[in-house]
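> First the structure, then my questions, so here it is.
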Amino acid sequence: MPPSVFVNLPLASIARGAPYLDLFLEQGINPELGINAFALDELSERWHQRMARRLREDGLRCAVHLPFMDLRPGASDPAILAVTRERLDRAMGLALEYGAAHMVGHACFVPGMDGCREQEWLETSTSTWAGLLEGHESAPLLCLENTYETACQPILDLLSRLPEDRAGACLDLGHWHSFARGCERRDLKAWLMALGPRLKHLHLHDNDGSGDQHLGLGQGSIPFDELFATLTRSGRTPSMTLEPHTLEDYEHSSRFMTEHPDWFIGKNA
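See below:
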């Protein structure tokens with residue numbers, strides 16, 4: 001697999017006995033390691049050290065997805081904000097342990113909650129992420145991901161306040177297509193042009209627009225041809241992570257990559 005292509009792999013799944021690790025090792029798949037509360041609280045420092053060593057010895061290039069469930073980097077509640085920052089701080093420490101090539105974090109601007117307090121959200125989020133980056137000077141690139149954002153401007157505003165060499169955008173195509181109603185608006189090119197050079201990473205999965213289905217590539221209606229044509233014209237080659245939720249969906253995505261080698265190998269090798 002090209003060094004700039006990763007596949008999601010939750011650490012909790014490995015610890016609970018899921019067979020995915022063997023697949024990654026056998027096929028040389030670079031993992032984007034998902035860190036959640038279980039990985040932070042139930043897996044020991046020694047467990048993480050052993051796992052990092054095993055992945056490293058097998059020549060796999062790792063990335064890390066920071067925890068996001070229940071966390072709010074731009075929270076107005078001081079207690080929730082404190083917990084969020086503590087969890088992200090610990091996860092960034094693990095990213096260093098695993099020698100991560102990059103980290104993905106959720107920007108977490110929710111229009112229904114944050115639209116009426118956008119400036120407060122921006123100030124608080126800036127303080128959260130800037131503080132974390134300052135506290136982990138040797139941490140890899142932080143890529144902030146869209147989830148429920150219906151436009152990319154809040155993420156761009158946040159990135160404008162963070163060092164360009166330490167923070168960029170992660171465009172999640174499935175979230176754009178469903179939550180941002182990209183399937184109806186057909187505004188992918190506008191998002192790509194707006195993100196411009198701050199676009200550093202992609203999360204790739206598919207859906208039919210009705211929800212965040214995490215299907216294999218080519219199994220929904222996301223316009224991947226438009227995605228890669230626009231990237232090619234702009235000369236950008238962001239790294240990418242496939243995010244299947246089942247082995248079947250991974251196999252669909254793997255075949256899709258084989259059918260479109262120029263998209264995944266030729267320009268991203």
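The opening position of the sequence shown corresponds to residue 1 in full-length UniProt numbering, with each subsequent residue numbered one higher.
Quick reminder that beta carbons are idealized off the backbone N, C-alpha and C, glycines included.
Keep in mind it's a predicted model, so treat the numbers as computed, not measured.
G112 lies in the alpha helix (DSSP H); which residues open and close that run?
To locate residue 112, count along the sequence shown from 1; it is residue 112. Membership of G112 in the alpha helix (DSSP H) is indicated by the continuous run 111–114.
> In the DSSP assignment, what are the bridge partners of T241?
Taking the sequence shown and counting its residues from 1, one reaches residue 241 at position 241. Per DSSP, F6, H203.
> Against chain D, with Cβ distances strictly below 7 Å, would G168 count as a contact?
Going by chain labels, chain D is absent from the structure shown, which holds only one protein chain.
> Alpha carbon to alpha carbon, what distance is there between R53 and G74?
Position 74 of the sequence shown, counted from the first residue, corresponds to residue 74. Position 53 of the sequence shown, counted from the first residue, corresponds to residue 53. Computed Cα separation, rounded: 34 Å.
> Would A180 and T150 be called neighbours here (beta carbons separated by less than 7 Å)?
In the sequence shown, counting from the first residue as 1, residue 180 sits at position 180. In the sequence shown, counting from the first residue as 1, residue 150 sits at position 150. Taking 7 Å as the Cβ cut-off, A180 and T150 qualify as a contacting pair.
> Where does P197 land, buried or exposed, given buried means 16+ other C-beta within 10 angstroms?
Taking the first residue of the sequence shown as 1, we reach residue 197 at position 197. Answer is exposed; the Cβ neighbour count stays below 16.
> Grab me the residues of Y250's own chain with a C-beta within less than 6 Å of its C-beta, minus the 5 sequence neighbours each way, in chain order.
Translated into the one-based positions of the sequence shown, residue 250 becomes position 250. Around Y250: P244.
> Taking C-beta to C-beta, are D212 and G174 nearer than 7 Å?
Against the sequence shown, residue 212 aligns to sequence position 212. Against the sequence shown, residue 174 aligns to sequence position 174. Closer than 7 Å, so yes.
> Give the DSSP-derived three-state secondary structure of G168 in the structure shown.
Taking the first residue of the sequence shown as 1, we reach residue 168 at position 168. Secondary structure of G168 (DSSP, three-state): strand.
> For M257, report the span of its alpha helix (DSSP H) as first-last.
By 1-based counting over the sequence shown, the position of residue 257 is 257. Counting along the chain, M257 sits inside the alpha helix (DSSP H) bounded by residues 247–259.
> State yes or no: is the C-beta of I35 within less than 7 Å of the C-beta of P2?
The residue given as residue 35 occupies position 35 in the sequence shown. The residue given as residue 2 occupies position 2 in the sequence shown. For I35 and P2, no; Cβs fall outside 7 Å.
> Would you please state the rounded distance, in angstroms, between the beta carbons of L215 and C170? I believe it to be under 8 Å.
Against the sequence shown, residue 215 aligns to sequence position 215. Against the sequence shown, residue 170 aligns to sequence position 170. Not really, about 19 Å apart at Cβ, beyond 8 Å.
> Considering G105, what are the terminal residues of the beta strand (DSSP E) in which it resides?
In the sequence shown, residue 105 corresponds to position 105, counting from 1. Counting along the chain, the beta strand (DSSP E) containing G105 begins and ends at 102–106.
> Below 7 Å between beta carbons: does that hold for D172 and N207?
Taking the sequence shown and counting its residues from 1, the one referred to as residue 172 is at position 172. Taking the sequence shown and counting its residues from 1, the one referred to as residue 207 is at position 207. The answer is no: Cβ separation not under 7 Å.
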